[in-house]
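Notes follow once the structure below has been shown.
Protein chains: 2
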Amino acid sequence: MLKDSARNRAYRQAIFDNADQIRGRTVLDVGAGTGILSVLCAQAGAAKVYAVEASSVWRLAQEVISENRFDNVVEVINSRIEDAILPEKVDVIVSEWMGFHLLHEGMLDSVIAARDKFLKPGGLIFPESATLYSAPCCVPGMFDFWDDLEGVSMRSFGEKLRSEASHKPVTAPVSPDDLLADPEVVTWIDLREATPQDADSIKMQHVAVANKAGKYQGICLWFTCTFPSYSTEPVALSTAPDEPETHWKQTTIVLPTEVPVEEKAPIAYELSLTRTSENSRRYNIEVTMLDPEEVQHPEYCGCHMTKCILVRAMLDRYEMESLPK
Amino acid sequence: MLKDSARNRAYRQAIFDNADQIRGRTVLDVGAGTGILSVLCAQAGAAKVYAVEASSVWRLAQEVISENRFDNVVEVINSRIEDAILPEKVDVIVSEWMGFHLLHEGMLDSVIAARDKFLKPGGLIFPESATLYSAPCCVPGMFDFWDDLEGVSMRSFGEKLRSEASHKPVTAPVSPDDLLADPEVVTWIDLREATPQDADSIKMQHVAVANKAGKYQGICLWFTCTFPSYSTEPVALSTAPDEPETHWKQTTIVLPTEVPVEEKAPIAYELSLTRTSENSRRYNIEVTMLDPEEVQHPEYCGCHMTKCILVRAMLDRYEMESLPK
């Protein structure tokens, strides 16, 4: 993960852009790992950094901090954040807590716990918010690829792979060309206010409109994180298909069978992410294909169904009429 | 592994180039997996193919063979090859048995067993031979990378990674630019004659000559396989750094510390691969750095040491003198 330069650069830029908010202040690094974010905050002028790391990696963090000569600034604490004791409240929390499709195996709860226990009122959280997106996509590597492998049909094998993939989301890069519709926000998490319960169960229903003809073969998920900013354009770390690849790649829930769609066809689906009862860091994802005839479309739906064309014509006329003559 | 198109193409070409040797003949596919090689042999005109697969993947092979309409040609046998019973001897054996750095987790013994039990005298083996190569290399992702990660020194972490890597070889693509010397053959296996004992313990000592200045940080291993040929240039499947990437990539044994070398510097090393006692498919690899002063250099060594320069001058003079006047 340390080799993920898109990630490292976003954190570095966000921390340095906000050096004015960090200089002379107290920082808490939640799940510090090897300590890279703690060192960046110390470089940005933090007076004190508490690097809390539960795993044995804390020893490595200690070494990294020493080799960067910040022993006098960064204090490594080997503890779960939930059990940690700090001598003071902090001005800033930094954390790289995001898991696959944002929540899976992530540490959101720990950041929320850290905020509630240790952040001064009005303190900053890096990143400050996170948004999860979804879009229908085709997955050629799971479908078409297996139809002809050096002249051999491997359809049975492709089917088996898809059957497995429809039980377990696939983490792999998705080409932006394979997205069939504009993305929709699944959930937006404001780290300043979120509670763990906000992430227990997330459900959305959406009518996406195919922006080209293609094969609807899966639902692609990705996220962005936005950092606080007082002076510059806020830094965003995006794991979208059209951004440089990160170690999170994209997550795809593959459908067992493909559905051919025409341009402007409505693709109605329900997506739910639910924590598993065995492990609160794990999520089950369910995609349900809905009948576009039966669900409500958004007001300005661009799909080719008669009801939406009529509504659109009516709205357009209304807008025309309300224009100043 | 099925997505490895370099592999698939090499087998396909080797089988089709040799269709004259396969048409109307009997083939045994050792470790058939999903059955792709069996189907290719059937397409090339085999009268009968025995697809022997020990794992439950045999069911999938059966489906793949059915969807390609070769049920009447290919017979799937769910068995270890060592326990298999075939009603006849075969003209051809095909197998994709190669593991990482050729032998690790590979199935060489099974192919040898199949040959001894089932191949007619003079029968063909696809591939027919395999060669393992080694060359000193630099591994920038394991060394230099960690010196400056977005302005943070992570040397301690890099050291830890290298210490782990020096116990467990790294499977990752190596850039041809990172090779420091021409490769040397570690071992050549002739599938027509090899015995399992040939692969119990492989040891080589070599003086490589750096073809450029650089940092000697590891030993890179890769292999090639050559297929039999009666009509065309033999097809070779190469997993060398300068060939298209395969799922085998390359294997690197990373040194705990780097050694700077000048152009024409001798790099003397001993490499040994030994089967582990617990699992005959696993190998321990050991690299020992030798003192170039103390080992014997090859006759035409191109290194910059005085003894080799003198020998070379002498040999050159001898050659000059033996030229017809």
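Note that the protein sequences, when read in sequence, are chains A and B.
When the letters of the first sequence are read in order and numbered with UniProt numbering, they come out as residues 1 to 325.
When the letters of the second sequence are read in order and numbered with UniProt numbering, they come out as residues 1 to 325.
Note that the Cβ used here is the ideal one computed from N, Cα and C, for glycine as well.
- When secondary structure is reduced to three states using DSSP, A:I285 falls in the strand class.
- For B:K249, not one C-beta of chain A is nearer than 8 angstroms to its own C-beta.
- Between A:N284 and the set A:K264, A:Q296, A:T252, A:H297, the nearest pair of CA atoms involves A:T252.
- In the DSSP assignment, A:N78 falls outside any alpha helix (DSSP H) and within the unbroken beta strand (DSSP E) covering 74–78.
- In the structure shown, A:S322 falls within a helical segment according to DSSP collapsed to helix, strand and coil.
- The CB of A:S156 comes closer than 7 angstroms to the CB of L60, E63, V64, E67 in chain B, given here in chain order.
- Note that the C-beta distance between B:I219 and B:Y269 is below 8 angstroms.
- 8 angstroms or more divides the Cβ of B:F145 from the Cβ of B:E258.
- For A:L108, the enclosing alpha helix (DSSP H) starts and ends at 108–118.
- Within the segment 292–316 of chain A, no run of alpha helix (DSSP H) reaches 4 residues while sitting entirely inside it.
- The segment 291–309 of chain A makes contact with the segment 262–282 of chain A: 3 or more CB pairs, one atom from each, lie closer than 8 angstroms.
- With fewer than 16 other beta carbons inside 10 angstroms of its own, A:L323 counts as exposed.
- Listed along the chain, the chain B residues whose CB falls inside 8 angstroms of the CB of A:I36 are L149, E150, V152, M154.
- Distances from the alpha-carbon of B:I85 to those of B:D91, B:I77, B:I189 put B:I77 closest.
- For A:Q43, the uninterrupted alpha helix (DSSP H) run begins and ends at 36–43, by DSSP.
- Proximity of chain A to B:R9 at the Cβ level (cut-off 8 angstroms) is accounted for by E150, in chain order.
- Distance between A:V73 and A:A47, taken at the CA atoms: about 6 angstroms.
- The residue among B:K168, B:S110, B:V64 with its C-alpha nearest the C-alpha of A:V152 is B:V64.
- Taking the beta carbon of B:V39 as reference, the chain A residues within 7 angstroms of it are V152, listed in sequence order.
- For B:Q217, not one C-beta of chain A is nearer than 8 angstroms to its own C-beta.
- Taking the beta carbon of B:R12 as reference, the chain A residues within 8 angstroms of it are E150, G151, listed in sequence order.
- Here the alpha carbons of B:C225 and B:V111 stand approximately 14 angstroms from one another.
- Closest by C-alpha distance to B:E128, out of B:I15, B:V207, B:T26, B:E82, is B:I15.
- Runs of the beta strand (DSSP E) lying entirely within the UniProt domain "Protein arginine N-methyltransferase" (129–287) of chain B, each at least 3 residues long, are 129–137, 170–172, 184–190, 201–209, 214–226, 236–238, 250–261, 266–275 in chain order.
- Around B:L179, the same chain offers A135, C137, C220, P241 as residues with beta carbons nearer than 7 angstroms, after the five sequence neighbours per side are excluded.
- If you draw a 10 Å sphere on the C-beta of A:D182, you find fewer than 16 other C-beta atoms in it, and that means exposed.
- Cβ-Cβ separation between B:L191 and B:A10: approximately 15 angstroms, too far for a contact (criterion under 8 angstroms).
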